[in-house]
Amino acid sequence: MYISYFYVSFIPWRLATAGPDILNDVALVENLETTKKTASEIEAKAIEAKMTATKIDEARESYRPVATRASLLYFILNDLNKINMLYQFSLKAFNTVFQNAIRFAEPANALSKRVVNLIDSVTYLVFTYTSRGLFENDKLIFLCQLTLQISIQMKEVDSFEVDFLLRFPYIPDLTSPVDFLSDVSWGGIKYLSRMENFRNLDHDIDGAEKRWRKFVESETPEREKFPQEWKNKTAFQKLCIMRCLRLDRMIYAIRYFVEEKLGTKFMQFRMQPFEKSYEETSAITPVFFILSPGVDPLKDVEKLGKRLGFTFDAQNFHNISLGQGQEPIAENMIEVSAREGHWVILQNIHLVQNWLPNLEKKIEQLSEEPHENYRLYISAEPSHDPHSSIIPQVIAKSFKYRLFNIILNILPHV
Numbered sequence: 001m002y003i004s005y006f007y008v009s010f011i012p013w014r015l016a017t018a019g020p021d022i023l024n025d026v027a028l029v030e031n032l033e034t035t036k037k038t039a040s041e042i043e044a045k046a047i048e049a050k051m052t053a054t055k056i057d058e059a060r061e062s063y064r065p066v067a068t069r070a071s072l073l074y075f076i077l078n079d080l081n082k083i084n085m086l087y088q089f090s091l092k093a094f095n096t097v098f099q100n101a102i103r104f105a106e107p108a109n110a111l112s113k114r115v116v117n118l119i120d121s122v123t124y125l126v127f128t129y130t131s132r133g134l135f136e137n138d139k140l141i142f143l144c145q146l147t148l149q150i151s152i153q154m155k156e157v158d159s160f161e162v163d164f165l166l167r168f169p170y171i172p173d174l175t176s177p178v179d180f181l182s183d184v185s186w187g188g189i190k191y192l193s194r195m196e197n198f199r200n201l202d203h204d205i206d207g208a209e210k211r212w213r214k215f216v217e218s219e220t221p222e223r224e225k226f227p228q229e230w231k232n233k234t235a236f237q238k239l240c241i242m243r244c245l246r247l248d249r250m251i252y253a254i255r256y257f258v259e260e261k262l263g264t265k266f267m268q269f270r271m272q273p274f275e276k277s278y279e280e281t282s283a284i285t286p287v288f289f290i291l292s293p294g295v296d297p298l299k300d301v302e303k304l305g306k307r308l309g310f311t312f313d314a315q316n317f318h319n320i321s322l323g324q325g326q327e328p329i330a331e332n333m334i335e336v337s338a339r340e341g342h343w344v345i346l347q348n349i350h351l352v353q354n355w356l357p358n359l360e361k362k363i364e365q366l367s368e369e370p371h372e373n374y375r376l377y378i379s380a381e382p383s384h385d386p387h388s389s390i391i392p393q394v395i396a397k398s399f400k401y402r403l404f405n406i407i408l409n410i411l412p413h414v
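Every letter in the sequence shown is one number past the one before it in full-length UniProt numbering, and letter 34, counting from 1, is 34.
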């Protein structure tokens, strides 16, 4: 701004007031030379800044596939509450997982390989983080949704094929020409045969009955080679055909589809021990257990606490079963523990739903500067209604937006 003012004000004024022999005005000549040099430097820096901005834009575009995948994953997580309102995942928690994925991604010299490694790391870490908070029965649904959405984003599947798999439209009132397929299954084959990628599927099944019978009657058809040229179809297209032929094997076929698209590690993932989850907790990160009949995860808390020096005998480990007027005791114990660095377990909070807003306020108040050793563990039974949480929305919202990284250790049904 100073140079600009100098240009438009001082130099024109000096030129206008200079004597007849401008060249003898040493100060004016020096100022002109300085201005010319400065202008050249500014121009060079402007060109350099433009080149730098171009490089930044190129780098940004190179990493855009990573951001695109991360965005997709977050919105998949955001939709999980349609399965069960307990499934709440905050953006801050997701950002933490995303940053860890960047840190743990395999290094690579080539940019293209680096991007691939980042996408793989983000996808797998989000998957493992999310799976820890899902009921066993919902994990395959999540995996299927994850694989399908990734395939759609990468334009590897056709929208009409996706619609067929999800809705299974079929032509009614048909009689199957082969005895190893029901009339409904044959109606599905006929409908599928209308699509470009499945032309003549019905004729091939009818014309090569023995080969297709052997395939359909296999114990594990999802792992067998499809007859004729159908073995060259994509994994998803094979899934559509399997939907018609062996509905009873669809769970296994989906597993195989996921394994083929995302890799074996997604199917071999097992719930990590509580000690590993504990490493991700903090004094402002409560651990919320959803209980299943016959399973007591709090034993793991007691076991780990004993190993780390938190016990009943040491009076730094407190277990409170809520109900029957225990709420004031719980509030006081949380306050003391946050100040002195104790562990607190609040059991069965589903029995005191009217008190939960008070719990929310207490947790929020103590999240400012708690003792670094303080931990809060909460347990509750799951709601029988999959569309309503056992926790009032105000608490779920608090957990979602303020505590930013709740670990949902949801144990499988037994």
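Ideal Cβ placement from N, Cα and C applies to all residues, glycine included.
Hey, would you say residue i sits closer than 8 Å to residue j, going by beta carbons?
i, j, result
"Leu-366", "Ala-338", "yes"
"Arg-375", "Ala-253", "no"
"Asn-373", "Gly-323", "no"
"Leu-298", "Ile-345", "yes"
"Phe-274", "Leu-143", "no"
"Val-66", "Leu-148", "no"
"Val-162", "Ile-150", "no"
"Leu-245", "Ser-185", "yes"
"Tyr-191", "Val-287", "no"
"Gly-187", "Leu-174", "yes"
"Arg-132", "Ser-321", "no"
"Thr-130", "Leu-181", "no"
"Leu-86", "Ile-290", "yes"
"Val-178", "Asp-206", "yes"
"Val-126", "Tyr-63", "no"
"Glu-156", "Thr-234", "yes"
"Asn-319", "Gln-353", "no"
Kindly indicate which residue of the options has the alpha-carbon position closest to the one of residue i.
i, options, result
"Cys-240", "Glu-381, Leu-304, Lys-299 and Leu-166", "Leu-166"
"Ser-159", "Gly-133, Leu-174, Met-195 and Glu-33", "Met-195"
"Arg-243", "Pro-221, Gly-263, Lys-231 and Gln-228", "Pro-221"
"Glu-369", "Glu-335, Leu-356 and Glu-381", "Glu-335"
"Thr-264", "Asn-354, Val-157 and Tyr-124", "Tyr-124"
"Ala-330", "Phe-312, Lys-362, Lys-238 and Thr-96", "Lys-362"
"Glu-229", "Trp-212, Ser-218 and Leu-245", "Trp-212"
"Phe-164", "Lys-37, Ile-189 and Pro-172", "Ile-189"
"Leu-247", "Glu-217, Leu-262 and Leu-351", "Glu-217"
"Thr-96", "Asp-313, Arg-249 and Thr-285", "Thr-285"
"Leu-91", "Asn-84, Lys-214 and Gln-99", "Gln-99"
"Ala-93", "Val-115, Ala-110 and Ala-70", "Ala-70"
"Pro-328", "Lys-50, Pro-169, Phe-75 and Asn-358", "Asn-358"
"Thr-68", "Phe-89, Ala-105, Val-122 and Arg-199", "Val-122"
"Gln-326", "Phe-257, Trp-355, Phe-310 and Asp-313", "Trp-355"
"Arg-199", "Arg-223, Glu-260 and Gln-237", "Gln-237"
"Arg-255", "Gln-315, Gln-347, Gln-145 and His-371", "Gln-145"
"Glu-209", "Asn-197, Phe-226 and Glu-219", "Phe-226"
"Glu-302", "Trp-343, Phe-89, Asn-232 and Ile-42", "Trp-343"
"Pro-169", "Ser-193, Ile-251 and Ser-176", "Ser-193"
"Phe-257", "Lys-50, Asn-109 and Arg-223", "Arg-223"
"Thr-128", "Phe-317, Asp-300 and Arg-270", "Arg-270"
Pull up the DSSP beta-bridge partners for residue i, would you.
i, result
"Ile-378", "Phe-288 and Leu-346"
"Ser-282", "Thr-285"
Over what stretch of residues does the beta strand (DSSP E) that includes residue i continue unbroken?
i, result
"Ser-321", "317 to 321"
Which residue comes first and which comes last in the alpha helix (DSSP H) that contains residue i?
i, result
"Ser-151", "136 to 153"
"Ser-307", "Note on residue identity: the sequence assigns Arg, not Ser, to residue 307. That run of the alpha helix (DSSP H) goes 298 to 308."
"Val-216", "209 to 216"
"Lys-265", "264 to 267"
"Ile-329", "327 to 340"
"Pro-357", "356 to 365"
"Tyr-87", "From DSSP, Tyr-87 is part of no alpha helix (DSSP H); its letter is neither H nor E."
"Asp-120", "111 to 131"
"Phe-236", "235 to 245"
Hey, does residue i have any beta-carbon neighbour from chain D nearer than 8 Å?
i, result
"Ala-49", "The chain inventory of the structure shown lacks chain D, comprising one protein chain alone."
Using only the heavy atoms of the ligand MG, determine whether one of them is closer than 7 Å to the beta carbon of residue i.
i, result
"Arg-246", "This structure simply doesn't include the ligand MG, nor any ligand for that matter."
* Which parts of the stretch 160 to 197 are runs of the alpha helix (DSSP H), unbroken and 4 residues or longer, counting only runs that do not cross its ends? -> 183 to 192
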